[in-house]
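Sequence order for the protein chains is A and B.
270 is the number of the first residue of the first sequence in the working numbering; add one for each residue after it.
168 is the number of the first residue of the second sequence in the working numbering; add one for each residue after it.
Heads up, the beta-carbon is just placed ideally off N, CA and C, and yes, glycines get one too.
Data block below; observations after.
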Amino acid sequence: AQSVTQPDIHITVSEGASLELRCNYSYGATPYLFWYVQSPGQGLQLLLKYFSGDTLVQGIKGFEAEFKRSQSSFNLRKPSVHWSDAAEYFCAVGILTAYSNYQLIWGAGTKLIIKP
Amino acid sequence: NAGVTQTPKFQVLKTGQSMTLQCAQDMNHEYMSWYRQDPGMGLRLIHYSVGAGITDQGEVPNGYNVSRSTTEDFPLRLLSAAPSQTSVYFCASSFLAGGETQYFGPGTRLLVL
């Protein structure tokens with residue numbers, strides 16, 4: 270069955286340090302890949318997405334992600350985090366179901382905590 | 168341009184009560200969906216719609232009904248609320264279903280006693 274795994278429930282990073290959030294998926298083909306961010310009490314906002322082409326994609330707020338087909342991974346990175354990056358981050362994959370309908374499968378999320 | 172709006176923001180229900188969560192978008196999106204978000208479980212798809220008059224079930228449809236009479240509106244009905252339906256509910260929309268950016272509403276926090 271298709272699934273998305275975000276192995277880290279919480280990550281704590283010092284302000285100014287680099288960040289990498291992990292995402293692995295299980296799917297037979299190359300899916301559409303997304304990272305969304307949810308600030309406390311808010312809805313979700315798209316950070317970046319990958320459909321095809323260059324496997325390193327740039328997003329908003331200085332984030333980037335790299336698709337690695339061999340590892341079925343789509344890890345999110347930022348070279349220097351800011352206190353405003355404290356939020357919950359969700360990885361999602363878009364797949365075609367058995368009935369040729371498109372659905373998003375979501376990871377459980379990683380909560381990012383920033384130390385001053 | 169308000170994007171995706173949801174009402175109410177917060178609701179308390181007693182077991183067995185029914186209610187409708189409202190969702191509207193003003194972006195002329197064809198695809199709309201309802202998710203529930205529970206701690207440690209990410210988002211789970213309840214129902215979705217690929218256009219007016221067309222709806223389908225997602226991963227966790229039991230206990231919920233939807234309809235799509237217009238492009239703009241996609242209400243979610245809880246038929247007989249249960250404590251297991253305590254959750255945060257998000258409505259989302261996009262131009263099309265495949266690979267498009269989803270735009271989310273601010274959510275409705277539901278507590279069923």
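Going along chain A, which residues have a C-beta under 9 Å from residue i?
i: Gly-207 (chain B); result: Ile-278, Ala-377, Gly-378
i: Thr-268 (chain B); result: Phe-303, Leu-315, Lys-318
What does residue i reach in chain B if we use C-beta pairs closer than 8 Å?
i: Phe-359 (chain A); result: Gly-209, Leu-210
i: Gln-327 (chain A); result: Under the 8 Å cutoff, chain B gives no residues; its nearest Cβ is about 15 Å from Gln-327 (chain A).
So what does residue i bridge to, in DSSP terms?
i: Trp-304 (chain A); result: A:Leu-317, A:Cys-360
i: Tyr-256 (chain B); result: B:Arg-203, B:Thr-275
i: Leu-280 (chain B); result: According to DSSP, Leu-280 (chain B) bridges with nothing at all.
i: Arg-211 (chain B); result: B:Arg-203
i: Asp-240 (chain B); result: B:Ala-191
i: Ile-280 (chain A); result: A:Leu-381
i: Ile-221 (chain B); result: B:Gly-218
i: Trp-375 (chain A); result: A:Ala-361
i: Ala-334 (chain A); result: A:Val-326, A:Leu-345
What residues from chain A crowd round residue i, counting only those whose CB sits closer than 7 Å?
i: Pro-273 (chain B); result: Gln-311, Gly-312
Run down chain A in chain order and give the residues with a C-beta less than 8 Å from the C-beta of residue i.
i: Gly-218 (chain B); result: None at all; the shortest Cβ gap to chain A is about 13 Å.
i: Gly-225 (chain B); result: Gln-372
How is the beta strand (DSSP E) around residue i delimited, first residue to last?
i: Leu-246 (chain B); result: Segment: none, Leu-246 (chain B) is in no beta strand (DSSP E) and carries neither H nor E.
i: Phe-343 (chain A); result: 342-347
i: Tyr-294 (chain A); result: 293-295
i: Ala-298 (chain A); result: First-last for Ala-298 (chain A): undefined, no H or E at that position.
i: Gln-178 (chain B); result: 177-180
i: Ser-272 (chain A); result: 272-274
i: Asn-229 (chain B); result: Counting along the chain, Asn-229 (chain B) falls outside any beta strand (DSSP E), and DSSP gives it neither H nor E.
i: Val-350 (chain A); result: Note, Val-350 (chain A): premise wrong, no beta strand (DSSP E); not H, not E.
i: Thr-174 (chain B); result: 171-174
i: Leu-263 (chain B); result: Taken as a continuous stretch (DSSP letters only), Leu-263 (chain B) belongs to no beta strand (DSSP E), as it is neither H nor E.
i: Glu-289 (chain A); result: 288-290
Along chain B, which residues have their Cβ under 9 Å away from the Cβ of residue i?
i: Gln-271 (chain A); result: Correct list: empty, because the minimum Cβ distance to chain B is about 11 Å.
Please name the residues in the stretch 230-250 of chain B whose beta-carbon is closer than 8 Å to at least one beta-carbon of chain A, in chain order. none
Examine the Cβ distances between the stretch 214-226 of chain B and the stretch 238-245 of chain B and report whether three or more of them are shorter than 8 Å. The answer is yes - the stretch 238-245 of chain B touches the stretch 214-226 of chain B, with three or more Cβ pairs under 8 Å.
The stretch 182-202 of chain B / the stretch 251-265 of chain B touching (three or more Cβ pairs under 8 Å): The stretch 182-202 of chain B makes contact with the stretch 251-265 of chain B: 3 or more CB pairs, one atom from each, lie closer than 8 Å.
Would the stretch 310-323 of chain A and the stretch 290-298 of chain A be scored as touching if the rule is three or more Cβ pairs under 8 Å? no
Quick one, which residues of the stretch 339-351 of chain A are near chain B if we go by CB-CB under 8 Å, in chain order? none
Evaluate the contact criterion for the stretch 375-384 of chain A versus the stretch 272-284 of chain A: three or more CB pairs, one atom per stretch, below 8 Å. Judged by Cβ distances under 8 Å, the stretch 375-384 of chain A makes contact with the stretch 272-284 of chain A, as three or more pairs qualify.
Taking contact to mean at least 3 C-beta pairs separated by less than 8 Å, is the stretch 168-187 of chain B in contact with the stretch 221-228 of chain B? Short answer: they don't touch.
Hey, is the stretch 179-195 of chain B in contact with the stretch 353-366 of chain A, meaning 3+ C-beta pairs nearer than 8 Å? Here the stretch 179-195 of chain B does not lie against the stretch 353-366 of chain A, with fewer than 3 beta-carbon pairs under 8 Å apart.
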